[in-house]
Structure formats: C-alpha cells, structure tokens
Amino acid sequence: MSTTGRRGWPTLVAVFWITSMVEGLGVSQVFALLPSQLTAMGVPDADRLQFIGLFSALLFVLGMPLVPLWGVWADKYSRKAVIVRSALVEVVVFIGMALAREPWHVALSVLLIGFQLGNTGVMLAGIRDATPRPQLGTVIAVFGASGPVGFAVGPTLAGILIDGLGWTVSGVFALSAALSLGTAALVTFGSREVRPEIVPEGRALSLAFGAIRGVVGDPAVRGIFLIFGTAFLASQMSRPYLPVVVEEIVGRGPGLASGIALVAGTAALAGALLSPAVGALGDRIGFRPVLIGALGGGAVTLALMPLAPQVGGLGLLALVAVAFAAASSSVSAMVFGLLATEVPAERRSQTLNLVYLPLYAAGIVGPALGSIVVTAGLPAPFFLGSAVFAAGAVIVIRRHGRPSPAVAEVRAGTPFV
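In numbering that gives the first Met the number 0, the protein residues as written are 0 to 416.
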C-alpha cells in the first residue's frame, strides 16, 4: 500500500527500529570479533593492528559511491524495496563471516558490507514524512537509538554465546544472518510504503548527481555534514582498537569476548538509552547547544579511553566508554534533528537519504588513518580522534548563533558553518 499520510506511523517507526537494530547487532560483532578472528587465523601480532584498521576501512569502499543511487531509487520507486535489499545483503555478509577461514575471506565479506549501506537514510526520510512535527525530534532520537542498541546487543550476545555456551565465532555470525533474514520479512510484510512529498522525475544518475550538488551547494547542509563527518572520523579511527585495549587488560582466550561485551556493549546501550532524552532536550533548548556539548564530551572521553585501563582496569574503561558513547549518540541525534527541521521540503528527502555519506567517507579515511598512526602505539588513534572531536566543537562554537540559509525564507541569516 502506498501512502504519504501519517496514519500508523508508530508501527512504521517500530519496524524500522528493529531493522536498524539487527543491522547494528551484526556489524558490531564484525568489529568486536575481528581481532580474535585474525588471531585465530594466524595473523602475526606485528601485522594484526594494521590489518584491523585496513579491514575496517573496506566496509565503506564499495558502498559509498552507491549511496546517492539507493536514495534516488527509493524515492522514485520504493523505499521498502531498498531497505529489504539491505537486509538480504546482510544475510550474505554474515554467512561469509561464518564461513571465513582465511584473512582474505574476512576481507571479502567486510567489503560486501558496502552493498548493504544506504538504508538508514531511506528509513530516516520515511520516518520524517510519516511523523507529526511536534514529536519529530524525540522520534528521530528514538530511531537513532536503534543502532547503538544493536551495537550493545551484538557484543553482549556474542560474549554470552561464546564464553557462556561454548559457541564458535562462526555460529554467532550464522545467527546474525538468520536475524537479518527475519528483518527482510518484517519490512516486506509488516510495514507500509511511505512516498516522499515530492517524487523525483528523470534519470536516476542525473538525480543522484543532483542530490549531491544540492548538499554540496547548500552552505548550511554542507556545514552539518562536515560536523557529522568530523565526529565519525574521530570515532572510526579509534573504534576498531577498543577490543585490543580490552585484550590488553583481560588477555586472550576465555573471558575476552565477555570483556569486550562489558565495555562495548554497555557503552552502546548507555548511548542508546540517552538518545531519546537528548532528542527531547534538543526540542527544548535547540539542537546546536546540545551538539556543542556532545562534541566536547567526545573529545575528553576519547582522550581518556586508552589511559583508563592503567588506572582503574576494565571497570573504568567501561565507564569512559559509556560516556563516549553517550556523546557520540548525542551528536548523531542532533545532526538528524537539524537536517529534518531546517532543510526545505523539496530537498529534505534527498538530503536525508545522503545523511550517512559523511559516515561512509569517514569510515574509509578513519580506519586507514588509524592503521597508520597506531604504529606509534595503541593510544595514538584515540588521541588523534580526541583532537578531531575538539576541532569539531570549536567550529560549531564559532558558528553558533548563525541561522541556516535553508530556513532563510523564515528568518534571515548566514550559514551554519
């Protein structure tokens, strides 16, 4: 059924939330189990840290160029079909990880993740078109929590299955594949089609380039994307090495999966629980003040992360990781809110379809850069990421108070960045 109305929007949000959560669950297990998987495959320690960074960068290489096209196809034909496509690719990826026996098998599976990208922006656009405006900030923040919840459940579930029940890594990924197949069925039969307010006309390639030009040509949107990319760059250059920090505390072998679950899972869950409250705070005091605080908090906590184990062991590391996850999820919620409220209706859908384009770019550059600086020591990616977060906070502070030209018809002003 095709509709542009707002009937049944809570069901739509629930279906999209579950779909996004399951995707986060599986991808988080790729990040969390990658160091252990490479060790089991016999990769020497001297090469492993660089492999982790480079393999993490592969995740976005194939997917980033296709993101604009997925958004165009979703708006022209069917958002549901694009989202289901992503879930089915997840099935292939996680089966590949379950069957991997050599490092190149892992690399190929991670590379295929690129073909599952492009669904989150499409879901955001659908939620934006279906949700009443007074609830929009909170609803977007609730949806934004789905990824962090998945990133919490993924390592925690892996820890229980591996350390508690004796499952293999392959078994964990096979379960994730089954869950992804379930979300494909859920979206197909449990959600309705939500069409954009303005359906694009023309050739898909021309529309895709037009969408990119629209983002690049709008100083306000370009600035918001820049801040989003900055935050993700900082996160992506350090995230692959968090399991290695845990490994230095608890050692290899039994207990490592549970230790990773405690740190990564607890942190992601805390970020997910905070996200709706942050969205409500943004509705009340404005998205930019909350964004500034989140970027500053990310800078401080990321710098403390590699130092925490030396002072307070695994418990303190988990606490710092929780604080960082809260800051990171707050950045995402505020960026989504800014884009959903300040972009004109005729460009809103295509902009939200591209919302994760900065993440994909940062997902390539960040881990690759991390694989280089980690040669100076394990703390190096965390310290560099902290500096990048701080730079983002400074940029927003300097530009804070300048209204967006995207809402210039309502209030005159200058660009956000």
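Glycine is no exception: its CB is placed at the ideal position from the N, C-alpha and C atoms.
Judged by beta-carbon spacing, V387 lies beyond the 8 Å limit of A379, meaning their Cβ atoms are not closer than that value. A direct Cα-to-Cα measurement between L294 and R251 gives close to 33 Å. The residue among A317, R84 and I139 with its C-alpha nearest the C-alpha of G113 is R84. If you keep only unbroken alpha helix (DSSP H) runs of at least 4 residues inside the region 201–253, you get 203–216, 218–237 and 241–249. The region 226–245 and the region 363–371 touch, with three or more beta-carbon pairs separated by less than 8 Å. Between the region 115–134 and the region 186–202, the count of C-beta pairs closer than 8 Å reaches three or more; the two stretches touch. With a beta-carbon spacing of about 25 Å, G270 and P133 fall beyond the 8 Å limit used to define contacts. Counting along the chain, W166 sits inside no alpha helix (DSSP H), nor does DSSP assign it H or E at all. In the displayed model, E196 falls within coil according to three-state DSSP, outside both helix and strand.
Counting only runs of 4+ residues, the alpha helix (DSSP H) found wholly inside the region 310–385 occupies 344–352 and 356–372, in chain order. In summary, A184 is exposed, with fewer than 16 beta-carbon neighbours lying within 10 Å of its beta-carbon over all protein chains present.
The region 69–78 makes no contact with the region 8–26; the number of CB pairs closer than 8 Å stays below 3. The distance from the Cβ of T340 to that of L135 is about 7 Å, consistent with a contact at the 8 Å cut-off. Around the beta-carbon of V14, 16 or more other beta-carbon atoms lie within 10 Å, marking it buried. Of the other Cβ atoms in all chains shown, fewer than 16 fall within 10 Å of the Cβ of A39; this residue is therefore exposed. Residue burial annotation: D46 is exposed, with fewer than 16 other C-beta atoms found within 10 angstroms of its C-beta. A distance of 8 Å or more separates the beta carbons of A207 and I291. In the displayed model, P64 falls within a helix according to three-state DSSP. E22 is classed as buried because its beta carbon has at least 16 other beta carbons within 10 Å across all chains shown. Take G143, set aside five residues on each side of it, and the residues of its chain with a beta-carbon closer than 8 Å to its own are S274, G278, S328, S331, A332 and F335, in chain order.
By the criterion of at least three beta-carbon pairs nearer than 8 Å, the region 170–180 is in contact with the region 83–103. Within the region 4–75, the runs of alpha helix (DSSP H) that reach at least 4 residues and sit entirely inside it are, in chain order, 8–39, 44–60 and 66–75. For S190, the three-state secondary structure derived from DSSP is coil.
Listed in chain order, the alpha helix (DSSP H) runs fully inside the region 88–170 are 102–111, 118–129, 135–143 and 145–158, counting runs of at least 4 residues.
For the pair F188 and P357, the CB atoms are not nearer than the 8 Å cut-off.
Under the DSSP assignment, S257 falls in the alpha helix (DSSP H) whose first and last residues are L255 to I259. Counting along the chain, the unbroken alpha helix (DSSP H) around V299 starts and ends at F286 to L303.
The region 239–257 and the region 101–117 do not touch, with fewer than 3 CB-CB distances between them shorter than 8 Å.
When the alpha-carbon of V243 is set against those of S27, V26, L33 and G25, the nearest one is in L33.
In this structure A260 touches T155 by the C-beta definition: roughly 4 Å separates them, less than 8 Å.
Of the residues L383, V66, V88 and I161, the one whose Cα lies closest to the Cα of Q36 is I161. Collapsing the DSSP output to three states places S77 in coil. Contact between I248 and L316 holds: their C-beta atoms lie close to 7 Å from each other, under 8 Å. Straight across, the Cα-Cα distance linking L65 with G117 is about 8 Å. Collapsing the DSSP output to three states places L306 in coil.
Q115 is classed as buried because its beta carbon has at least 16 other beta carbons within 10 Å across all chains shown.
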